[in-house]
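*Asks:* This note's numbering applies: residue 14 is where the sequence shown begins, and numbers increase by one. For each residue, glycine too, the CB sits at the ideal point set by N, CA and C. It should be emphasised that the depicted structure is a prediction, and the values quoted were computed from it without experimental measurement.
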Amino acid sequence: MLPWLPEQPVSFPPVSQALRDPDGLLAAGGALTPQWLLAAYRRGIFPWYSDDQPILWWSPDPRMVLFPDALRISRSLAKRLRNADFRVTFNRAFAETVDACAAPRPGQPGTWITTEMRSAYLSLHRLGYARSVEVWQGERLVGGLYGVALGPVFFGESMFSLARDASKVALVHLVRAMQQGNGRLIDCQMHTRHLASLGARDIARADFIGYLEECLAKPTSTGDDHRLPDWPLPEDDPCAETTSAFT
14 MLPWLPEQPV
24 SFPPVSQALR
34 DPDGLLAAGG
44 ALTPQWLLAA
54 YRRGIFPWYS
64 DDQPILWWSP
74 DPRMVLFPDA
84 LRISRSLAKR
94 LRNADFRVTF
104 NRAFAETVDA
114 CAAPRPGQPG
124 TWITTEMRSA
134 YLSLHRLGYA
144 RSVEVWQGER
154 LVGGLYGVAL
164 GPVFFGESMF
174 SLARDASKVA
184 LVHLVRAMQQ
194 GNGRLIDCQM
204 HTRHLASLGA
214 RDIARADFIG
224 YLEECLAKPT
234 STGDDHRLPD
244 WPLPEDDPCA
254 ETTSAFT
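(1) Would DSSP call residue 46 helix, strand or coil?
(2) Look at the alpha carbon of residue 99 and the alpha carbon of residue 81, and state the distance between them as a whole number of angstroms.
(3) If we count Cβ pairs, one from each stretch, closer than 8 Å, do we get three or more for the region 41-55 versus the region 154-165?
(4) If you run the structure through DSSP and keep just helix, strand and coil, what is residue 183?
(5) Is residue 15 helix, strand or coil when you go by DSSP?
(6) So, with DSSP's three-state summary, where would you put residue 176?
(7) Decide yes or no for the touch test of the region 62-78 against the region 204-220: beta carbon pairs closer than 8 Å, at least 3 of them.
(8) Out of 116, 139, 97, state which residue places its alpha-carbon closest to the alpha-carbon of residue 107.
(9) I'd like the span of the beta strand (DSSP E) that includes residue 105, first residue to last.
(10) For residue 97, count neighbouring C-beta atoms within 10 Å of its own C-beta (all shown protein chains included) and say buried if the count is 16 or more, exposed if not.
(11) For residue 83, which residues of its own chain have a beta-carbon under 6 Å away from its beta-carbon, when the five flanking residues on both sides are left out?
(12) Might you give, ordered along the chain, the residues of its own chain that have their beta carbon closer than 7 Å to the beta carbon of residue 133, omitting 5 neighbours on each side?
(13) Exposed or buried, what is residue 113 when buried is set at 16 or more other beta-carbons lying within 10 Å of its beta-carbon?
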């Protein structure tokens, strides 16, 4: 039977108790407050549900991850990075990026980024935990991604692309920033061929949890709450901006 979580106290069952079918479903209930969300991410758990469902919490096995040094850039993507008229920013348009990720997509009847979810991640963004990478053509937002940053770990939530390879460009720039700022791991949550083509791979949940605990065991330079790590803002500039040139 699926555990039901009251709104207080903030507490999750062990991830080893997650269901195998559907893979990784751990519990229902709780709340989408910053306290709940941060506690979840620190334990390798994330929320995922639709409008007609209660809050559902997941920790799948295996877990797809991308280690920054494992990023694969194809020849076509490398050419795109060199030649496209993309402009990339960090945290300039967080709400707009979330909204673009939530927009209807071909073959998908709805979105899991509900109004409640949007509000929750905007709250995390205001607190300095949720981050975005935006890709622009001129003044038009054509791609990007967002997620939660805790210490050297980035928990990816969603990405979108309105121009060819725009979401891949966002990911490349996120990885570059992590490499410059000692980032160690991107949690991709569930397997997709798109991310696998970029170097992400599946690892056992137990290995993921162990690696996560290791990454979060040490406080960051800004304190022991793991807020605002040194990336993905190159040179610690809150309005960091770069072109798509990639060498």
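*Replies:* According to the structure shown:
(1) coil
(2) Distance between the alpha carbons of residue 99 and residue 81: 22 Å.
(3) yes
(4) The answer is helix: DSSP assigns residue 183 an H, G or I state.
(5) coil
(6) Looking at residue 176 - three-state DSSP - the assignment turns out to be coil, as it is neither helix nor strand.
(7) yes
(8) 139
(9) First-last for residue 105: undefined, no H or E at that position.
(10) buried
(11) Excluding residues within five positions, the ones whose Cβ falls inside 6 Å are 212.
(12) 45, 50
(13) By the beta-carbon neighbour count (other beta carbons within 10 angstroms, threshold 16), residue 113 is buried.
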